[in-house]
Amino acid sequence: MLYNTSDEKTVKQKIKQLQPLNYNQFFWWRRYTTKTPPLPKKSTFLDRIKNGEYEFSHYYWQWKLTEIELNEVFKSYGNDHQRLIESNQVDLARRKRLIEDFEKDETAKLEALQKGFLREFVMTKDEYEEHIINFDGTTEEFYMYCLKTFDRSGRSIERRGRPPKQRR
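Using our numbering, you'd call the opening residue of the sequence shown number 12 and step up by one each time.
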């Protein structure tokens, strides 16, 4: 076995929930995407949470699928590392790029989630980190928990353009 991967059934089940992509010369290593497109920026934070924009990155499951495929090829080559490297450089490069995409996507989602909670509720970064680490549930359940625990900041959504005149 070349890579220690997750349970093959779990990986294939998660991949079935994704939508296959057509070949793209600029993103050739990506084979699947989520079925729900991201909402526009004007939509509320709760709507984005319900849409699944802050859920676990789908690149992880593509990465694990690639590792499962590489393990099968490795077994067919009789555990010969050199032969695997020579004949499957594309799959090895795909795995590397999917890992990079997963790390970037997951970091961006976590930062956007933190920014959204700090914008929506009156809390500090330390309070946010403390509560989210100790919380056991989904993102939507954490939002409902924050509604009960913290005050709403009342800040309006950032809008483009000139601000309205202040009347005295």
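Cβ atoms here follow ideal geometry from the backbone N, Cα and C, with glycine treated the same way.
The model shown is predicted, which means the values in this text are computed figures rather than measured ones.
Asked	Found
Cβ neighbour criterion (16 or more within 10 Å) applied to Thr-149	exposed
Inter-residue Cα distance where the pair is Glu-66 and Pro-51	17 Å
Same chain, Cβ closer than 7 Å to Arg-42, neighbours up to 5 away in sequence not counted	Pro-31, Leu-32, Gln-73
For Tyr-43, three-class secondary structure by DSSP	strand
Beta carbon of Trp-163 nearer than 8 Å to that of Phe-132	Correcting the residue identity first, residue 163 is Arg in this sequence and not Trp. Yes, Cβ-Cβ distance for Arg-163 and Phe-132 is below 8 Å.
Outcome for Trp-40 when other beta-carbon atoms lying within 10 angstroms are tallied against a minimum of 16	buried
Spatial distance of Tyr-88 from Glu-78 (CA atoms)	15 Å
Cβ-based burial, His-92 [other Cβ within 10 Å; buried from 16]	exposed
Option in Phe-153, Phe-38, Asn-82, Lys-115 with minimal Cα separation from Thr-16	Asn-82
Identity of the residue in Asp-116, Cys-157, Val-22 nearest Glu-64 by Cα	Asp-116
Span of the alpha helix (DSSP H) around Thr-150	150-160
Leu-13 and Phe-113 closer than 8 Å at C-beta	no
Sheet register partners of Arg-178 (DSSP bridge)	Partner(s): none; Arg-178 has no beta bridge.
Those residues which DSSP pairs with Arg-163 across a bridge	Phe-132
Gln-73 in three-state terms, based on DSSP	helix
Closest Cα partner of Lys-11 within the set Leu-57, Lys-27, Ser-54, Leu-158	Lying outside 12 to 179, the shown extent of the chain, residue 11 is not represented and no answer is given.
Option in Ser-98, Tyr-71, Arg-171, Leu-76 with minimal Cα separation from Glu-111	Tyr-71
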